[in-house]
Each structure stands twice: as C-alpha cells, then as structure tokens.
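The sequence shown lines up with residues 11 to 146 when you count with my numbering.
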Amino acid sequence: SEVSLKEGGTPMDWSIRVSRASGIPILATGHAVKGFIERGFKPGAYMSAVDVANRLIDPGWEGLDGKGQYELAIFIGFHYYLAWNLLSGLKHFSQNIKTLSLDRFYQPHASLSLPNLSVDEWEVYLKALEDALRSG
11 SEVSLKEGGT PMDWSIRVSR ASGIPILATG HAVKGFIERG FKPGAYMSAV DVANRLIDPG
71 WEGLDGKGQY ELAIFIGFHY YLAWNLLSGL KHFSQNIKTL SLDRFYQPHA SLSLPNLSVD
131 EWEVYLKALE DALRSG
C-alpha cells in the first residue's frame, strides 16, 4: 500500500508536484500509470520497470525525447527488491548514467541514496527537495 505523507498526500502526489514545478518528466511503470491518470497527470511515458532499465543500459537508445542518453535516472516508489535489482543492473552494465534513489530505504546500488528513514524524516527530506527545486 502507498505511504501517506502528513502534509503532502502521497509520494505520487509529491512526484507530480515536483514534475510540474521543475519540468522533470516522469516515466511511470506498472500500475502507477493508473494512479497518475486518476490524478489528472499524464506521465511523459510508461513502460515496464525492467524495460526501462534495459533501455537505460542500451548505448544506442536515444531516450524518450530522442535527444540521447540520460545522465541521471531518479527512482522513487518501487518495491525495495525490484529497485535493488534494477539499480544493480544499471550500476554494473550502464556506461555513464548516475542513479538517485529517493525511496526511504537505503539502496546500495544507487549512485546516491537516502539513508534508512522514518516516514516523518522522509517527508521532511522530500519537502526540502521540493522547495529547493521550486526555487531553482
């Protein structure tokens, strides 16, 4: 089940606010697509999580916008075990991509990960990040 944040709805609601404020596109996976659409938000794209990881590893993939490989992939909202495997594959097989895990549990294969956090601590971090992105 999805975590409820005290002041900001859910992590999905937070992601939508950040995407709208910063212009960072969201690539939705699995059943998350339905949640975004129900909230009146159209993700930049959607595909399976494994397909996303495979494309990020592929040096010939030109990205969703056709402008070339990405330098950074941000992960939030995945089951821990799935993110662990996706990030491991990216760590060992991608050429240049950096990864950032914004989930509340430490991910050892991410280039940068949050430490293990309580829901309250996680919400404080997400709010600070949102404020920083809004202010430019």
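Backbone N, C-alpha and C define an ideal beta-carbon position, used for all residues, glycine too.
Provide the residue span of the beta strand (DSSP E) that contains residue i, from first to last.
i      : result
SER111 : 108 to 111
ALA93  : First-last for ALA93: 90 to 103, but that is the alpha helix (DSSP H), not the beta strand (DSSP E).
LEU139 : First-last for LEU139: 129 to 145, but that is the alpha helix (DSSP H), not the beta strand (DSSP E).
ILE84  : 82 to 85
Could you check the C-alpha separation between residue i and residue j for me, to the nearest Å?
i      : j      : result
GLY146 : ARG30  : 13 Å
TRP24  : PHE85  : 13 Å
LEU127 : SER121 : 18 Å
THR109 : LEU82  : 6 Å
LEU74  : MET57  : 11 Å
ASN95  : HIS102 : 11 Å
PHE88  : ASP61  : 14 Å
ILE47  : THR20  : 15 Å
TYR80  : SER32  : 17 Å
ASP130 : GLY76  : 39 Å
LEU15  : GLY78  : 35 Å
GLU17  : HIS119 : 30 Å
PRO125 : GLN117 : 8 Å
GLU72  : ALA138 : 32 Å
For the alpha helix (DSSP H) containing residue i, name the first residue and the last one.
i     : result
ILE67 : 59 to 67
ALA31 : 21 to 32
LYS44 : 42 to 48
Judging by CA-CA distance, which residue of the options is the nearest neighbour of residue i?
i      : options                       : result
ASN106 : ASP141, GLU131, TYR135, ASP68 : ASP68
PHE115 : TYR90, SER104, GLU72          : TYR90
Whole-angstrom Cβ separation of residue i and residue j, contact assumed at under 8 Å?
i     : j     : result
ALA59 : LEU92 : 6 Å
PHE51 : ILE26 : 5 Å
PRO53 : LEU37 : 6 Å
If we call anything under 9 Å between Cβ atoms a contact, is residue i one with residue j?
i      : j      : result
GLY112 : LEU97  : According to the sequence as given, residue 112 is Leu; it is not Gly. No, the pair does not count as a contact, with Cβ atoms beyond the cut-off.
VAL28  : GLU133 : no
ALA63  : GLY99  : yes
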